[in-house]
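Here the sequence shown is numbered in the working numbering, starting from -19 and rising by one per residue. Structure, as structure tokens:
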Amino acid sequence: MTSRNHTMVTYFQFLPFSSIPEIQGSLFCLVLLTYVSTLVGNILIIVITMVDAALHSPMYFFLKNLSFLEIGYTTSTIPKMLVNSLTEGKSISFLGCATQMYAFSLLGIAECCLLAAMAYDRYVAICHPLRYTTMMSWNMCFLLSAVSWLIGVLVALGQTTFIFTLPYCGPNSINHFFCDLLPLLKLACVSTYKNEISIYIIAVLFILVPFLLIVVSYVQILHTIFKMPSAGGKRKTFSTCSSHLVMVTLFYGPAIVTYLRPKAFYSSSSNKLLSLSYTLLSPMMNPLIYSFRNKEVKQALKRLIAKNINM
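Following this line, the structure appears as structure tokens:
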């Protein structure tokens, strides 16, 4: 009986943000504009960090990786959302939902780990400058990046498998704009207590712990900054670190509230808005906060533009 019920749901249907066409139309235009900006900005970072020799350093290696992640992260959810906003059905197949959840989870977890690696890179650069080249060798950079991706692959695979082996026998309406973990669990025909506990544990290990590591790193960084004798050095370093902290808050803040708040305070409507923050706003802000406020990146961009004009 369970296996028969499991095959009853062959697709899921997303509920719209609003039933008012004018609001849906405005949201479509806003999301499309933001998504295009995200792609253009992050692709530009990838190109600049690859072609400009002055940016071939660990910091920009991690930025390039982050941009790859941001492109994939936002593309795993937003294009389907845009297509659904133009159609009546707003549906996704069972397999498509599983694929979307896997991609979203993989890239999200990998980004959590990579942001912690980036904070460690800044910690070593500012607090231990004389040992930086030794501690942050290219082998270490590749290792930190590869481990971030590997953790994302393995955890997302286990989590997605765990959720999609549950029986779904209807209803099939997800009150969200993509196949997120918690809204989908509400549609299962059996108790999801074990799944909810696993999501909570994963959120603690791969969202909260990296966030706390980042906070500890930046506390050490700020302590070092305040001991700097040069006012100019203090200002430049503090500007760089504050930009990184803004990005970290934009990404981790909504994610922590979404996956770690008590079940009694869970709200599908507020969850949609929070999810927009870390699936759309954060990837768009990455190029602006991490790179285009950076003097070296702006100079590299000028060189790239001048080179293409001369050609």
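Cβ atoms here follow ideal geometry from the backbone N, Cα and C, with glycine treated the same way. All values reported here derive from a predicted model rather than from experimental measurement.
Helix, strand or coil at residue i [DSSP, three-state]
| i | result |
| --- | --- |
| Phe158 | coil |
| Ser219 | helix |
| Ser197 | helix |
| Phe(-8) | strand |
| Ser153 | strand |
| His224 | helix |
| Leu165 | helix |
| Tyr40 | helix |
| Ala280 | helix |
| Tyr232 | helix |
| Tyr270 | helix |
| Tyr239 | helix |
| Pro147 | coil |
| Phe189 | It is Val, not Phe, that sits at residue 189 in the sequence shown. Helix at Val189. |
| His108 | coil |
| Phe48 | helix |
| Phe(-3) | coil |
Cβ neighbour criterion (16 or more within 10 Å) applied to residue i
| i | result |
| --- | --- |
| Leu256 | buried |
| Lys278 | exposed |
| Gly132 | buried |
| Gln(-7) | exposed |
| Ser219 | exposed |
| Lys60 | buried |
| Ala33 | exposed |
| Lys287 | exposed |
| Arg(-16) | Confidence at Arg(-16) is low in this model, with a pLDDT of 46, below 50, so the placement of that residue should be treated as unreliable; the coordinate-derived value is given next. Exposed, by the Cβ-count rule. |
| Ala244 | exposed |
| Met39 | buried |
| Cys93 | buried |
| Lys70 | buried |
| Ser197 | buried |
| Thr304 | Given that the chain is displayed from residue -19 to residue 291, the structure contains no residue 304 and the question cannot be resolved. |
| Thr141 | exposed |
Limits of the beta strand (DSSP E) - the one that residue i falls within
| i | result |
| --- | --- |
| Ser71 | 71 to 73 |
Bounding residues of the alpha helix (DSSP H) (the contiguous stretch that carries residue i)
| i | result |
| --- | --- |
| Cys9 | 1 to 31 |
| Leu124 | 118 to 144 |
| Pro59 | 58 to 66 |
| Ala183 | 173 to 183 |
| Thr113 | 112 to 115 |
| Lys207 | It is not in any alpha helix (DSSP H) - Lys207 carries neither H nor E in the DSSP assignment. |
| Ser250 | 248 to 256 |
Residue i vs residue j beta-carbon contact at 8 Å
| i | j | result |
| --- | --- | --- |
| Pro319 | Gly21 | Absent from the structure is residue 319, since the part of the chain shown begins at -19 and ends at 291. |
| Ile51 | Leu284 | no |
| Leu161 | Ile143 | yes |
| Ile58 | Thr238 | no |
| Ile72 | Tyr(-9) | yes |
| Trp129 | Ala90 | yes |
| Leu240 | Leu188 | yes |
| His224 | Arg102 | yes |
| Met208 | Ile269 | no |
| Pro74 | Lys252 | It is Phe, not Pro, that sits at residue 74 in the sequence shown. Not in contact: Phe74 and Lys252 (Cβ atoms no closer than 8 Å). |
| Ile201 | Cys221 | yes |
| Pro163 | Ser248 | yes |
| Leu35 | Ala280 | yes |
| Pro147 | Val170 | yes |
| Phe8 | Ser65 | yes |
| Glu176 | Leu165 | yes |
Any chance the stretch 90 to 103 sits against the stretch 35 to 48, with 3 or more Cβ pairs inside 8 Å?
yes
Please determine if the stretch 154 to 161 and the stretch 117 to 137 are in contact, where contact requires at least 3 C-beta pairs separated by less than 8 Å.
no
For the 8 Å Cβ check, are there 3 or more pairs between the stretch 258 to 267 and the stretch 2 to 17?
yes
How do the stretch 137 to 151 and the stretch 77 to 94 stand: do at least 3 beta-carbon pairs fall below 8 Å, yes or no?
yes
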